[in-house]
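All remarks here apply to the structure that follows.
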Amino acid sequence: MKIQVKLSLRRKLLIGFFCVIFLFIILAGITYYQLRTLNETYSSIIKERFESTQYTTSAIIETNKLELSLRNYLITGNEEELTKINTAGKTFLQNMGEVTEVTNTTEGKSYIDKMLAAERIYNDLSEKVISLKKDNNSREYIEVMRFEVAPAAENIEAVGRALLSYQQNEVVKASNEISRKTVKTTYIILGISIFAIFVGIFIAIFISRKIAINVKKVSVNAEKIASGNLSIEDIQMKSNDEIGQLARSFNKMKENLRNVIQLIRQTSEQVAISAEKLSINAEQTTLAANQVAARVMEVASTAEIQDKRTEDSSEVIRSTLTEIVRITDNISAVADSTVETTKQANIGYRYMQNVKNQMDTIYQSNVESNSVIQELKKRSIAIGNIIQVITEIANQTNLLALNAAIEAARAGVHGKGFAVVASEVRKLAEQSKGSAEQISEILLAIQNDTAKTVNMIMSGSKEIVNGLNLVTETGNTFDVIQKSIENANASVHNLLNTSEEIAAGVQNVKDFINQVSQQAKTTSMSASDITAVSEEQLASMEEITKSSASLANTADKLRKLVSNFTI
């Protein structure tokens, strides 16, 4: 199972920087080690070579002093020369001791042993000469000095010269070794420096290229979304750093925006359909109201005719009782008119029921439209919240880009490439924020139009409720009119059946006719009221029609807006 380690962009950059720093630390360590080795070599040359050469030279000088003091003693016999001889001998041994301490080679120690052996021979001969001098044996110590001491002194000097030559050769060898090590150290430091530079360049190119590729993916998709294309595929990015998180947030934003646009498209279509239904229902209601008004006018006209006829009947009754036959005919005419009036009243009642049913349908459509508008309002608010989240993501991205630019500025020359990337990320975040603000402004305009539509629908609902109440009252009035007409019809038939009793019941007939006249006037007044209510209902229907047209216009704008996006 492959385990992915979550590394932030800052950690990746730090790892790259630390790798370069680690290489330079190694370079510094190797440089320090080589310089220390060179220093030790130089110290060895100074101590072992130059000091040994110096001590060897001093030893040769002390040998010469020893020989000179010995000759002076033989010539002058001064005892102070013996002291000088002892001092020179001790100094010689001290110098040779120093040479022995700083000499580590076998050949060098061999020369030292030869020189010490020659010095011991010379000391023995010196003591022999001094003894002969003290014995005043001039002839013999001169021979010893000439044939033994002088060659011994020359031997010491020759061995010393050989040792000095050997030491000088060692100095040359050491100098060559130092030169070789210096060249080697220079090549090693140069090689490691070049390697560190190449590794640093590789790390910088690798990290910057990886960052640039990922940022380019986000930038390209952002441009496509800005142009309205939401059908693009998700950004595939395995990185777990800030840019990977940005890509995943960008994918989520795209998916949410796609769902929002699709939801707006569906909602706008539903609103358009509802507005169309509402407009059709309003037109049907207007037509029905016009028909009701026409029928009511007919009822009013019939009531006026009935009132006129009842007045004529009353006049006939008052003029003569002898015209009973004509009165009977008139009563028959009144009966016919009453039957016609009953039919018209029934027709008016049916129309009134149709108007009431149509008003109920309009009211239900209005309620459904209000529900759809409220749902649209809620979804617009949800869209606003999503846009707010997008704005916050853009602000956070801008802040991350600013922090990255600050870190790049701290990194100096090595952070210039990353500073450019951070600037591009910041521009992308600002573009996303601007797009979100434009969508937010459009949504605010939609919410305002929706609120206006809700208010208009609520006002129309109130008018519809008032119309329903008036229609109900009108229906009740029609019931009263129908019952009155039925009573009048029954009375007329009774008058026809009992025409022989008309004379006795003239006064009652007159009173009844007066009542019928009063009811006809009442019917006429009710018809006027119904006409006024119908006019108010027509005005309400016109308002509903305007509201539905405004709603349809808003839905059309919304459809045009979302048509810019490809899902």
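Its first residue numbered 1, the sequence shown is counted upward by one per residue in UniProt numbering.
Backbone N, C-alpha and C fix where the C-beta goes; we use that ideal spot for every residue, glycine too.
Query raised in the report: Using the rule of at least 16 other Cβ atoms within 10 Å of the residue's Cβ for burial, across every protein chain shown, is L287 buried or exposed?
Result: Here the question's residue 287 lines up with position 287 in the sequence shown. Around the Cβ of L287, a 10 Å sphere holds fewer than 16 other Cβ atoms; the residue is exposed.
Query - Complete runs of the alpha helix (DSSP H) confined to the stretch 113-174 [at least 4 residues] - result: Those alpha helix (DSSP H) runs which fall completely within the stretch 113-174 and span 4+ residues are 138-144.
**Report entry** Three CB pairs or more closer than 8 Å across the stretch 210-230 and the stretch 240-252
**Finding:** Contact between the stretch 210-230 and the stretch 240-252 is present, because at least three Cβ pairs lie under 8 Å.
Query raised in the report: Buried or exposed: where does A152 fall if 16 or more other Cβ atoms within 10 Å of its Cβ makes it buried?
Result: Position 152 of the sequence shown holds residue 152. Buried.
Report task. For the alpha helix (DSSP H) holding L82, just list the boundary residues, first then last. Result -> Position 82 of the sequence shown holds residue 82. For L82, the enclosing alpha helix (DSSP H) covers residues E79 to V102.
**Report entry** Cross-strand partners of T566 (DSSP beta bridge)
**Finding:** By 1-based counting over the sequence shown, the position of residue 566 is 566. DSSP, once it has assigned bridges, lists N229 as partnering T566.
Report task. Quick one: give me the first and last residue of the alpha helix (DSSP H) that T76 is part of. Result -> Here residue 76 refers to the residue found at position 76 when the sequence shown is read from its first residue. If you look at T76, you'll find it in the alpha helix (DSSP H) that goes E51 to T76.
Query raised in the report: Of the choices N370, K84 and L190, whose alpha-carbon is the least far from that of E62?
Result: Translated into the one-based positions of the sequence shown, residue 62 becomes position 62. Residue K84 is the option with its Cα nearest to E62.
Query raised in the report: Do the stretch 133-153 and the stretch 19-30 meet, that is, are 3 or more Cβ pairs less than 8 Å apart?
Result: Output reads no: the stretch 19-30 does not touch the stretch 133-153.
Requested in this report: Taking the CB atoms as reference points, tell me whether A552 and A272 lie closer together than 7 Å.
Outcome: In the sequence shown, residue 552 corresponds to position 552, counting from 1. In the sequence shown, residue 272 corresponds to position 272, counting from 1. Contact: yes.
**Report entry** Counted within 10 angstroms of its Cβ, other Cβ atoms place F147 as buried (16 or more) or exposed
**Finding:** Here residue 147 is taken as the residue at index 147 of the sequence shown, counted from 1. F147 should be labelled exposed.
Query raised in the report: Whose C-alpha, out of G16, I26 and K378, is nearest the C-alpha of I203?
Result: Within the sequence shown, numbered from 1, the residue matching residue 203 stands at position 203. Checked all of G16, I26 and K378; the closest Cα to I203 is G16.
**Report entry** Cβ contact (3+ pairs, closer than 8 Å) linking the stretch 164-174 and the stretch 116-129
**Finding:** Too few Cβ pairs lie closer than 8 Å, so no.
Requested in this report: Determine the burial state of Q266: buried for a count of at least 16 other Cβ atoms within 10 Å of its Cβ, exposed for fewer.
Outcome: Against the sequence shown, residue 266 aligns to sequence position 266. Counting Cβ neighbours within 10 Å, Q266 comes out exposed, since fewer than 16 surround it.
Query raised in the report: In terms of alpha-carbon separation, which member of M458, A405 and R350 lies closest to E368?
Result: On the sequence shown, residue 368 is found 368 positions in, with the first residue counted as 1. When each option's Cα is compared against that of E368, the closest is M458.
Query raised in the report: Exposed or buried, L35, counting other C-beta atoms within 10 Å across all chains shown (16 or more means buried)?
Result: Against the sequence shown, residue 35 aligns to sequence position 35. Classification for L35: exposed.
Requested in this report: Can you tell me which of Q374, K427 and Y122 puts its alpha carbon nearest to the alpha carbon of M456?
Outcome: To locate residue 456, count along the sequence shown from 1; it is residue 456. Closest option to M456, Cα to Cα, is Q374.
Query raised in the report: For N95 versus Y32, is the C-beta spacing smaller than 7 Å?
Result: Residue mapping note: residue 95 aligns to position 95 of the sequence shown, counting from 1. Residue mapping note: residue 32 aligns to position 32 of the sequence shown, counting from 1. No, Cβ-Cβ distance for N95 and Y32 is not below 7 Å.
**Report entry** Rounded distance between the beta-carbons of I390 and S432, thought under 8 Å
**Finding:** In the sequence shown, residue 432 corresponds to position 432, counting from 1. In the sequence shown, residue 390 corresponds to position 390, counting from 1. With a Cβ gap of about 7 Å, S432 and I390 count as contacting.
Query raised in the report: Using DSSP with H/G/I as helix, E/B as strand and the rest coil, what is D312?
Result: Walking along the sequence shown from the start, residue 312 turns up at place 312. The DSSP-derived three-state label of D312 is helix.
Query raised in the report: Would you report the Cα separation of L163 and N155, rounded to the nearest angstrom?
Result: Position 163 of the sequence shown, counting from 1, holds the residue named residue 163. Position 155 of the sequence shown, counting from 1, holds the residue named residue 155. Going by the C-alpha atoms only, they are around 12 Å apart.
Query raised in the report: Using 7 Å as the limit for Cβ to Cβ distance, is V20 near chain C?
Result: This model lacks chain C altogether, as it is built from one protein chain only.
Query raised in the report: Are three or more beta carbon pairs between the stretch 223-239 and the stretch 250-262 nearer than 8 Å?
Result: Under the three-pair Cβ rule at 8 Å, the stretch 223-239 counts as touching the stretch 250-262.
Report task. Please list, in chain order, all residues of the same chain as N104 whose beta carbon is under 6 Å from its beta carbon, the five residues on each side excluded. Result -> Reading the sequence shown from its first residue, position 104 is the one you call residue 104. When the five nearest sequence neighbours on each side are left out, no beta carbon in the same chain lies closer than 6 Å to the beta carbon of N104.
Query raised in the report: How would you call Y111, buried or exposed, if buried means at least 16 neighbouring beta carbons within 10 angstroms?
Result: Position 111 of the sequence shown, counted from the start, is the residue given in the question as residue 111. By the neighbour-count rule (16 or more Cβ atoms within 10 Å), Y111 is buried.
Query raised in the report: Taking C-alpha atoms, which residue in A28, T554 and N514 lies nearest to I192?
Result: The sequence position of residue 192 within the sequence shown is 192, counting from 1. Out of A28, T554 and N514, the CA that lies nearest to the CA of I192 is found in A28.
Query - CA nearest to the CA of T57, picked from E101, L70 and V159 - result: Along the sequence shown, one-based indexing puts residue 57 at 57. The shortest C-alpha separation from T57 is found at V159.
Query raised in the report: For F198, is the classification buried or exposed, using 16 other Cβ atoms within 10 angstroms of its Cβ as the cut-off for buried?
Result: In the sequence shown, residue 198 corresponds to position 198, counting from 1. Exposed is the call here.
Report task. Could you tell me the distance, in whole angstroms, from the CA atom of S52 to the CA atom of M115? Result -> Taking the sequence shown and counting its residues from 1, one reaches residue 52 at position 52. Taking the sequence shown and counting its residues from 1, one reaches residue 115 at position 115. In a straight line, the C-alpha of S52 is about 14 Å away from that of M115.
Query - Helix, strand or coil at K452 according to DSSP, with G and I counted as helix - result: For this step, residue 452 is matched to residue 452 along the sequence shown. It is helical.
**Report entry** Same chain, Cβ closer than 7 Å to E392, neighbours up to 5 away in sequence not counted
**Finding:** Your numbering for residue 392 matches position 392 in the sequence shown. Cβ neighbours of E392 beyond the five flanking positions: none.
Query raised in the report: Going by the beta-carbon positions, is the gap between I446 and R258 smaller than 7 Å?
Result: Here residue 446 refers to the residue found at position 446 when the sequence shown is read from its first residue. Here residue 258 refers to the residue found at position 258 when the sequence shown is read from its first residue. In this structure, R258 does not lie closer than 7 Å to I446 by Cβ.
Query - Coarse secondary structure for D556, derived from DSSP in three states - result: In the sequence shown, residue 556 corresponds to position 556, counting from 1. Helix, per DSSP.
Query - Exposed unless 16 or more other CB atoms sit within 10 angstroms - verdict on M525 - result: To locate residue 525, count along the sequence shown from 1; it is residue 525. Counting the other CB atoms within 10 Å of its CB gives M525 a total below 16, which places it among the exposed residues.
Query raised in the report: If you compare alpha carbons, which of L70, L561 and E157 is closest to E81?
Result: Counting from 1 along the sequence shown, the entry for residue 81 is found at position 81. Out of L70, L561 and E157, the CA that lies nearest to the CA of E81 is found in L70.
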